[in-house]
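Report on the following structure.
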Amino acid sequence: MVESDFHATKLGSVLYELSGALDKEPQIQRSIELTFAKKSPATLHKRTLAFWKMFKFHSDCGYKSGLHMSEASIFAYIDSLKGKSPSAPQSCLEAVNFMHSLLGIRAPLDDLVSPRIRGLVYECAVQKRPLKQARPLTADEVRFLEKLVVKSPDTAVVCIAGFFLFVLANSARWGDAQHSTFPVLDTSGTRPVLTSGTTRHKLASTAERKTTLLPFVCFGQLLVSTAWAPKWLDAMKRARLPRANVDYLLPSWNESSNQFIRRRMTSGEGTLLLREILRQMGTPLLEPLPSSHSLKVTILSWLCKSGQFTLVERQIIGHHLDRPSTSALTYGRANFVGPMVKVSGMLGKMHDGSFRPDASAADLIAQQLMQEELASDELERKAHGEPQACDDSASEDVGHDEAEEAVVEAVPAAERRMVAAPNPDDFLVHLSSGTLHALASTPDRFRCGRPRQGRSLSHDADRKGCGGYPLLQFGCLAAAMRGCHDEVQRTGPLRRAALNSNAGVIAMSVDSQAAFRAEALRLGVSEAHVDTLITKGIRSFSLFAFISSYQPGATDEKPFVDALVAKLGDEAKESLPSFRHLFYTSHTLAVQELKDKFEPREEAKRLSMADRVDRLDRLRKSLPGMTIDTWLEPSHALVDRAVSFAEEQCLGPLELSKCTSREAEMRSEKRDPVTFKLEQLNIKVTKNHAAVTADTSTDLHVRTCMQRRALAFHMAGIATFTVLDKVISRFFGHMMRPVYPGQHPVVLRQ
């Protein structure tokens, strides 16, 4: 195609100049090789074949050369592909982009590919049949492969079936496993472990990564009691595999000569051999038939069905981490340790029958609920001991049944499960009330802002077994994650659904200096650095989020580091992890603030505790002669509502009955019911706040409600209390005026 018109492409011009001398043949060949060096043979074959068809179309239509194409000619060719393969137009468009980049076609790409061509390609692509994903292997099929490797006397069968298990156990792509190094077996643990590495993988997009091994770590024993890995490695050595001076692990098998040939086994050949081996089970294969890709998805499907693995853990096991986390996966073989420990536990449950991944969705849900019940019962036994047998008394049985029915009616059994706290040293339990408090970074206060009283608190409260972990109720743990502001009694109802609510997310005002300062100190930024930032104008999350042009997810954080050094000097580099954490927090809050502005939430946004304390302190300093106790102090809900008015720049109705005090709010918060509903296979948690209303029966109560509303508006920055109190005094002044004969006094309703 290039030789049809040397001057139509940049590569052709180079070859034309070199062809002037007879001794330039090696340079011509070298130029062609280097042009396509970064592309795989399969990609070259696919793109060249698609481009060749369009090239012949142009030649047959009388164009000067197949490379002398235009937007109209490309459109005519793609339009002629209608009725053929729906993916053919897309392949043609990709081939044009591919060849334009490598060959250097003279015509600009924007002049060749127009919006109408892209629209035509899209119109054909949407007619493509839905993608059919490969099904995972069943547990019985995996057991059959393991037993075959362990017991088969045929060396070739052991080599092929063992390689299938190697791909399956690593959750690897077929090509990645083929280009891996010869595995090393470690039998020092309870399960044998195979370790190896591969350089030809999808993460190897640069020259540096193509010379860096992606680690493979898997178990050499899965669902049967005998390890398959030693048998497979012995068979590979007997067959003298892998061959010398080749870059693949398993060669292709020749059926006619019954021997391995000097060519790697493709994924298509692997699919046919996998089906042939599994048919030896004696039962028909399940539809859809398995393929080589089924080996990769098997373990990943088990992880998902078990419900015990996070998305990041599944990505690590499946080698699917996105940028910029791919470096951690490539260079950190130890990243597999944590997930592999959980994989070992899952395989143990599959071995004893407590986890059946091939069960239906309803059975899997029932299994998960059963496991949670058993874990809760085990924790309860460790906390309170074995249940004691009661005396055989009919009256006591009746009383016990009535009490149990009352407890179940108040709090369902599913919400009274127990969990173990993951980090017991992060909490303190009050010795008298049993209230759980979360520790903050500052030694004199808790995370909620309350002062710490060390004599009445203990780390060891409620530690009864469980490896030293305190046994916590769901409600207590959720309150600790939420900031432990609301006291939750240890003997109160166990709210399992509280964990699934927005626990752990502390609402912060994005423009609050107090919240910014408190969060920075909590994350480990020194007080001197925080004060310097505030002095130089970086006094809130919104300002710190845009301190530089760096954005989360970018690979180069140099602009962010340079901005810190410009503000704080080179000493800031010593606390770079804390500043990164603070930057990500600031950026998240700033994005959430913009989202709330254009997609307002139904409920008012809750302020952080540091922001509340700061606003209340400034309020008291501005009103030195006024006593603001808990009965006059506006409730958190009232302040949140006023702040939402200020942020939205729009006042709304605020009835006096909603102007509650902080004292009334604290008395009612402990009885807020938590409910959860199953909506579209998702658990939706709602916290129905108790309907707290302010008393407006007398003129004194009404005036107090008005003053609370004025204090809330003052804290929100809408208006000062002094001005609003003048309006309140003017209203009540009408009730104090003398009543003349023939007139009625002004009543409270007026």
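Basically this note's numbering = 1-based index in the sequence shown + 525.
C-beta atoms are modelled at their ideal positions from N, C-alpha and C, and glycine is treated no differently.
Only a predicted model underlies this, so the values are computations on that prediction, with no experimental measurement involved.
For S1037, the three-state secondary structure derived from DSSP is coil. Taking the C-beta atoms as reference points, A686 is found nearer than 8 Å to I802.
Between the stretch 615 to 632 and the stretch 589 to 607 there are three or more inter-stretch CB-CB distances shorter than 8 Å, so the stretches are counted as touching.
Taking 8 Å as the cut-off, the beta carbon of L1163 is found closer than this to the beta carbon of A1237.
Under DSSP, H1239 forms no beta bridge with any residue. Assignment of C743 by DSSP, reduced to helix, strand and coil, places it in the strand class. Residue pairing of T534 in beta bridges, as defined by DSSP: I630. Cβ-Cβ distances below 6 Å link L1068 to nothing in the same chain once the five nearest sequence neighbours on each side are left out. Residue burial annotation: M1151 is exposed, with fewer than 16 other C-beta atoms found within 10 angstroms of its C-beta.
For secondary structure counted as the alpha helix (DSSP H) over 4 or more consecutive residues, the stretch 560 to 617 holds these complete runs in sequence order: 566 to 585, 596 to 605. Put simply, the stretch 828 to 837 touches the stretch 882 to 894. At least three CB pairs are less than 8 Å apart. In this structure, the straight-line span from the alpha carbon of Q652 to that of P614 is close to 12 Å.
When P1102, A597, G629, P551 are compared, the shortest CA-CA separation from V527 is found for G629.
Three or more beta-carbon pairs separated by less than 8 Å are not found between the stretch 746 to 758 and the stretch 891 to 906, which leaves the two stretches without contact. M1260 and T1155 have their C-alpha atoms spaced approximately 27 Å apart. Within its own chain, the residues whose Cβ lies closer than 7 Å to the Cβ of L1179, once the five positions on either side in sequence are excluded, are R1166, R1234, listed in chain order. With a 10 Å radius around the Cβ and a threshold of 16 neighbouring Cβ atoms, E1099 comes out exposed. Look at P717 here: in three-state DSSP terms it is coil, with no helix or strand label.
Apart from the 5 residues on each side of it in sequence, T715 has no Cβ closer than 7 Å to any other Cβ in its chain. In this structure, DSSP gives S1074 a state outside helix and strand, which the three-state scheme calls coil.
Counting the other CB atoms within 10 Å of its CB gives E812 a total below 16, which places it among the exposed residues. Per DSSP, the continuous alpha helix (DSSP H) segment holding L1089 begins and ends at 1083 to 1093.
Partner residues in a beta bridge of F1170, as assigned by DSSP, do not exist. About 19 Å separates the beta carbon of S781 from that of R789, a gap too long to meet the 8 Å contact definition. In this structure E1096 is exposed. Its beta-carbon is surrounded by fewer than 16 other beta-carbon atoms within 10 angstroms. Residue burial is scored here from C-beta neighbours: H570 has fewer than 16 other C-beta atoms within 10 angstroms and is therefore classed as exposed.
Ranking N770, L775, T712 by CA distance to the CA of G745 puts T712 first. Going by DSSP, P755 is part of the alpha helix (DSSP H) stretching over 754 to 763. S1186 is bridged by DSSP to P1159. Excluding sequence positions up to five before and after D1036, its CB lies within less than 8 Å of the CB of S1065, F1066, S1067, all in the same chain and listed in chain order.
Burial is judged here by how many other beta carbons sit within 10 angstroms of a residue's own beta carbon; E671 has at least 16 and is buried. The beta carbons of A1040 and A965 sit no closer together than 8 Å.
Annotation for N695: the continuous alpha helix (DSSP H) segment containing it runs 680 to 695. Nearest neighbour of C743 by Cα position, chosen from N860, G1267, Q658, turns out to be N860. Relative to the Cα of S721, the nearest Cα in the group S639, V692, L748, L747 belongs to V692.
With contact defined as three or more Cβ pairs closer than 8 Å, the stretch 693 to 708 and the stretch 760 to 775 are in contact.
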